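**Student:** The sequence shown begins at 5 in the numbering used here and counts up by one. Note that CB positions come from ideal geometry on N, CA and C, so glycine has one too. Predicted model, so just to flag it, every value in this text is computed and none were measured.
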Amino acid sequence: MFEGKDKMNKIKEKFYKIFSEITNLNLLEQLVEWDRQVMMPKGASEQRAQMASTLSRIAHEKLTSPETRDVIYEFENFVEDDWDKAHLREAKRLYERKVNIPKELIEEKTRLSSISFIVWEKAKKESNFNEFEPYIEKLLKVVKEIAKIGNSENPYDYLIDEFEPYMSSKEIEPIFEKLKEGLIIYLKKYFRNDCDERLKPIIRKVEIEKQEKVCRFVLDEIGFDFYKGRLDVSTHPFTTGMKNDVRITTRYREDFIPVALFGALHEGGHALYEQGLPERHYMYPAGQFCSLGIHESQSRFYENIVGRSRSFWKKYFKDINEICSGIYSDLDFETFYKAVNVVKPSYIRVEADEVSYNLHIILRYEIEKEIFMDKIFVKDLPEIWNEKFYKYFGISPKNHSEGLLQDVHWATGIFGYFPTYTLGNLLAAQIRETINKKLGNLNDIIEKGQLHEVKKFMKEKIYDLGRFYKPLELIVNFSGMPLSYEPFLNYIREKYDSLY
Ligand code: ZN
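(1) If we cut at 9 Å on Cβ distances, does residue 181 have a partner in chain C?
(2) What residue range does the alpha helix (DSSP H) around residue 339 cover?
(3) Report yes or no: do the stretch 214-233 and the stretch 269-282 share at least 3 C-beta pairs separated by less than 8 Å?
(4) Keeping to the same chain, check which residues put their C-beta closer than 7 Å to that of residue 321; ignore five residues upstream and five downstream.
(5) Once you ignore the five residues that flank residue 182 on each side, which residues in its own chain have a CB closer than 7 Å to its CB?
(6) Taking 8 Å as the line, does the beta carbon of residue 233 fall inside it for any heavy atom of the ligand ZN?
(7) Under 9 Å between the Cβ atoms of residue 297 and residue 191?
(8) DSSP puts residue 251 in a beta bridge; with which residues?
(9) Quick one: residues in its chain with C-beta nearer than 6 Å to the C-beta of residue 103, no 5 flanking neighbours on either side, listed in chain order?
(10) Assign residue 104 to one of three DSSP states: helix, strand, or coil.
(11) Go through the residues and name those whose CB comes closer than 6 Å to any heavy atom of the ligand ZN, in chain order.
(12) Is the distance from the Cβ of residue 99 to the Cβ of residue 119 below 9 Å?
(13) Going along the chain, which residues of its own chain have a beta-carbon closer than 6 Å to the beta-carbon of residue 332, five neighbours each way excluded?
(14) Kindly indicate which residue of 422, 168, 150 and 94 has the alpha-carbon position closest to the one of residue 479.
(15) Could you check the C-alpha separation between residue 92 and residue 76 for me, to the nearest Å?
(16) Within a Cβ cutoff of 6 Å, which residues of the same chain sit near residue 405, ignoring the five residues on either side of it in sequence?
(17) Rounded to whole angstroms, what is the Cα-Cα separation between residue 294 and residue 20?
(18) Out of curiosity, what's the CA-to-CA distance linking residue 56 and residue 33?
(19) Near residue 568, what residues of its chain come up, given a Cβ to Cβ distance below 6 Å and the 5 sequence neighbours on each side ignored?
(20) So, do the stretch 147-164 and the stretch 442-459 have three or more beta carbon pairs nearer to each other than 8 Å?
(21) Under three-state DSSP, which class holds residue 323?
(22) Along the chain, where does the alpha helix (DSSP H) containing residue 74 start, and where does it finish?
(23) Let me check understanding here. Comparing Cα to Cα, which of 9, 442 and 429 lies closest to residue 494?
(24) Are there three or more Cβ pairs, one per stretch, closer than 8 Å when the stretch 205-215 is compared with the stretch 298-310?
(25) Specify whether the stretch 258-270 and the stretch 392-410 touch according to this definition: at least 3 beta carbon pairs, one from each stretch, less than 8 Å apart.
(26) According to the neighbour-count rule (16 or more other Cβ atoms, all chains shown, within 10 Å of its Cβ), is residue 312 buried or exposed?
(27) Classify residue 285: buried if its beta carbon has 16 or more other beta carbons within 10 angstroms, exposed otherwise.
(28) Quick one: grab the DSSP three-state call for residue 476.
(29) Please classify residue 126 as buried or exposed, where buried requires at least 16 other C-beta atoms within 10 Å of its C-beta.
(30) By the DSSP assignment, the alpha helix (DSSP H) with residue 332 in it spans what residues?
(31) Expressed to the nearest angstrom, what Euclidean distance is found between the alpha-carbon atoms of residue 422 and residue 453?
(32) Quick one: is residue 58 buried, meaning 16 or more other Cβ sit within 10 Å of its Cβ, or exposed?
(33) Rounded to the nearest angstrom, how far is the Cβ of residue 239 from that of residue 255, given a contact under 8 Å?
(34) Starting from the C-beta of residue 24, find all residues in its chain whose C-beta is less than 8 Å away, skip the five residues before and the five after it, and write them out in chain order.
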């Protein structure tokens, strides 16, 4: 008996030690990547790539080693409580996802994606798909091979599962179908021809220093902890790190403050999640963020549902104007509110409004899925892209830069990631409904400047649970209903019906 207890403690200790070391290696990799994007001198890129690949190789070896395998399967006999059980489940998932994929294939994918990335940058600038075609073809071949090893029946699901654990196209597809139907109608319904006139009044030069102050002010309002986090600048805003060291970036456009402001709110939402992970568990597999879709629900909630609401501008317009030395004094909050909510079919996903954004994702999802079913081939991509684009948006891109070459994902071998953006948007709307029901009217909360209450609510219902539940379970647990397209369509209808 005593001996058994002793053995149990040893195995348990070893299990948690190995996984906290893997977490540390991952965090180091993230830090090195943060530095690359924020601080690193340009000339260091080759040296930095080697640092990063060394770290990632060590982390991979550690995760897939026989030692890790043994401790995972021994730990199975000593699970004591539900958290142990969740950590074990997630540890197994991480291990099993990786262990069957030959190292050579992973290295080949990394090698091909860095070449393909360089060719893509040039091809995008020149809108030249033909130049890019052979590279993406080769890269895709390797990704397909990996995905088939991971899931021979539904290779694409293996890729989705990396970002959205336990989710497959079987769950996604019917939701996306309904969403698409609704959004095609809403895009026509809410598009107005006066977009430029509505944007014009808020296009004004504001010094970057003041814009940064505005970002820090709103981050403070939503509850970002600067003692355990930083705000910096990068070309593409992102969030990295976890718990006591969470770093976010934004970017600035001198004459248009919404770029920096919404960048900060978006990344701020991601950051609150990371800062709020469960104190006792965040170093271990089930103590970390539940899925990328749930992560994105946090960023989209603060960026769109909070930041683009009438209540937000009613409450904070004065403060923002003051920080900007009164440059907007001749305007009112309505002008800002209307300007940051223009709806217009456009080619570029990252610049899309709330109504059309998910159509961009659904288009990519449909193409990706058929690529992995061997129904679409690389050479047909331009035609299929343009055809679908016209069907959903009523316009056709004039060149490939604003068409299928716009995103970095495919160029770097990342397939199965796009759906998480839409899942995040849907879930953000579901969170809004839940808050309205259980915490109080969200608009009132915003207008009273009580966003800290929202953070507390999220902390208890989402952040603190990490990966204890599977994503779909967490959603039901939180909102009392399964993942659905309806709250999002309701949100869009309510908002834009009363916008004009
Ligand atoms: Zn995001």
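**Tutor:** Reading from the atomic positions:
(1) Structure shown: chain C not included; a single protein chain is present.
(2) 337-343
(3) yes
(4) Its chain contains 337 and 340 as the residues whose beta carbon lies nearer than 7 Å to that of residue 321, once the 5 sequence neighbours on both sides are disregarded; these appear in chain order.
(5) 489
(6) no
(7) The answer is no: Cβ separation not under 9 Å.
(8) Per the DSSP secondary-structure output, residue 251 pairs in a beta bridge with 234 and 244.
(9) 68
(10) In the three-state reduction of the DSSP assignment, residue 104 falls in the coil class.
(11) 270, 274, 300 and 303
(12) no
(13) 325
(14) 168
(15) 7 Å
(16) Same-chain partners within the cutoff: 128 and 131.
(17) 19 Å
(18) 6 Å
(19) The structure shown does not extend to residue 568, since the chain is modelled only from 5 to 504, so the question has no answer here.
(20) no
(21) helix
(22) 70-79
(23) 429
(24) no
(25) no
(26) buried
(27) buried
(28) helix
(29) exposed
(30) In this chain, residue 332 is not harboured by any alpha helix (DSSP H), its DSSP state being neither H nor E.
(31) 33 Å
(32) exposed
(33) At roughly 6 Å, the Cβ-Cβ gap stays under 8 Å, so residue 239 and residue 255 are in contact.
(34) Answer for residue 24: 287 and 288, listed in chain order.
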